[in-house]
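Participant: In numbering that gives the first Met the number 0, the protein residues as written are 0 to 271.
Backbone N, C-alpha and C define an ideal beta-carbon position, used for all residues, glycine too.
Structure below; questions to follow.
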Amino acid sequence: MMTMTKIIFTLVLLTSFNHADSVVDQDMDGVPDTIDKCLNSPFLTEVDSSGCATQELIFPQERDNGSLDIVFGYGYSHDDDNINRETQHTAKLQATYILNDWIYTLRSGYITDNPENGMTDTTFKVKKRFKPTKNFKFSLGAGVRFPTYDFTGNKTDYTLYSSAIYYPLSAVSLFGGANYTFINDEEINSPIQNITALYAGAGYFFSKELYINASYSYSDTKFADYHKIKTLSSTLFYQFSEKWFISLSYSHELDDDDLHNSFDLRLGYSVW
0 MMTMTKIIFT LVLLTSFNHA DSVVDQDMDG VPDTIDKCLN SPFLTEVDSS GCATQELIFP
60 QERDNGSLDI VFGYGYSHDD DNINRETQHT AKLQATYILN DWIYTLRSGY ITDNPENGMT
120 DTTFKVKKRF KPTKNFKFSL GAGVRFPTYD FTGNKTDYTL YSSAIYYPLS AVSLFGGANY
180 TFINDEEINS PIQNITALYA GAGYFFSKEL YINASYSYSD TKFADYHKIK TLSSTLFYQF
240 SEKWFISLSY SHELDDDDLH NSFDLRLGYS VW
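Here it is, written out as structure tokens:
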């Protein structure tokens, strides 16, 4: 009797293994590929019986229409080129409102830059968001940077913005953009120039709450005799409740023997 029981148990176990080998679920969402209508669902994402995410994934910077977000931030940066003030600490405050795909952003802060402290410049930006297809979005905009940072020769600057986001897969985002800033500051010790900045990167949604990206940027500085700035950056975004979200960013400048890096922590609250 015991022997028969062992035989039956072995047959059941082997049958289970054979069945498991025959079921393919490449995105590991619990829905076999034979009936999965969304074969690339992000890892850890809640899916329905068809294998598709129960909620649409949204790029963290592309919130819904009618939303108002308040973001509190802390920034740390180190630049060996800034003699006697290599380290800077910045408290940041930002408000973003979206209406009919128009995005309005107001941002300012307070910087501790030994031996001087004070407000950073204040920026107001307006962008229009376009959605030609479900998987492709782009935006165009303009902004003004008010000279609330107190230093000699600081004037109002203006910036043109452009950015685009493409989703080749439901869990993957490719993004990039170009900005051009008209610098109006007075020349004190070095010649001044306008700034062109380019960036591109890719990101992955581990779930609708967790998103990570990496990017590369190439930019001028306002000083014409200074080298181009090439930077690698990475950002983690996590929405830990319906109203609250957090982001962590790190940037490191390339092609320079001195140390140039920055860290940014932001805590956001969705008012509505």
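#1: Using only alpha-carbon positions, find the residue among F71, K154, D68, H77 that is nearest to H259.
#2: For Y249, which residues from the same chain have a beta carbon less than 6 Å from its beta carbon, with the 5 sequence-adjacent residues on both sides left out?
#3: Could you tell me whether the Cβ atoms of T95 and Y109 are closer together than 8 Å?
#4: P146 lies in the beta strand (DSSP E); which residues open and close that run?
#5: Per DSSP, P126 forms a beta bridge with which residues?
#6: Taking the alpha carbon of L231 as the point to measure from, which residue in E252, K221, R265, Q238 has its own alpha carbon closest?
#7: Excluding the 5 residues preceding and the 5 following N212 in the sequence, name in chain order all residues of the same chain whose CB lies nearer than 6 Å to its CB.
#8: Cα-Cα, which of L173, A163, T122 is closest to Y157?
#9: Using C-beta distances below 8 Å, list every residue in its chain close to E241, excluding the 5 sequence neighbours before and after it, in chain order.
#10: CB-CB under 6 Å to N17, same chain, minus the five flanking residues each way: which ones, in chain order?
#11: How is F71 classed by DSSP in three states: helix, strand or coil?
#12: Excluding five sequence neighbours on each side, which residues of the same chain lie with their C-beta closer than 6 Å to the C-beta of K229?
#13: From what residue to what residue does the beta strand (DSSP E) around A201 run?
#14: Do you know whose CA, among L266, Y225, E208, K207, lies nearest P190's CA?
#15: Can you tell which of S172, F244, T180, A163 has its C-alpha closest to the C-alpha of F222?
#16: Would you call the CB atoms of D149 and R128 closer than 8 Å?
#17: Taking the Cβ atom as the reference point for each residue, do Y237 and L197 lie within a distance shorter than 8 Å?
#18: Per DSSP, T89 is paired with what?
Facilitator: Quick answer:
#1: Measuring from the Cα of H259, the nearest candidate turns out to be H77.
#2: Close CB contacts of Y249 within its chain, under the 6 Å cut and outside five residues either way in sequence, are with S233, F262 (chain order).
#3: No, they are not a contact pair.
#4: From DSSP, P146 is part of no beta strand (DSSP E); its letter is neither H nor E.
#5: The displayed chain sequence assigns Lys, not Pro, to residue 126. The partner list for K126 (beta bridge, DSSP) reads I102, G140.
#6: Relative to L231, the option among E252, K221, R265, Q238 whose CA is nearest is E252.
#7: Cβ neighbours of N212 beyond the five flanking positions: G200, G202, T234.
#8: Considering only alpha carbons, the answer is T122.
#9: Cβ neighbours of E241 within its own chain (closer than 8 Å, five residues either side excluded): S269.
#10: Because the pLDDT at N17 is just 49, under 50, the model does not fix this residue reliably, and the point stays unresolved.
#11: DSSP places F71 in the strand class (E or B) of the three-state scheme.
#12: So the qualifying residues of the chain are Y217, L253, D254.
#13: From DSSP, the beta strand (DSSP E) with A201 extends over 194–204.
#14: The shortest C-alpha to C-alpha distance from P190 to any of L266, Y225, E208, K207 is the one to Y225.
#15: Of all alpha-carbon atoms in S172, F244, T180, A163, the one lying nearest the alpha-carbon of F222 is that of T180.
#16: When the beta-carbon positions are compared, D149 and R128 stay at least 8 Å from each other.
#17: The criterion of a C-beta distance shorter than 8 Å is not satisfied by Y237 and L197.
#18: Beta-bridge partners of T89 (DSSP): G74, I110.
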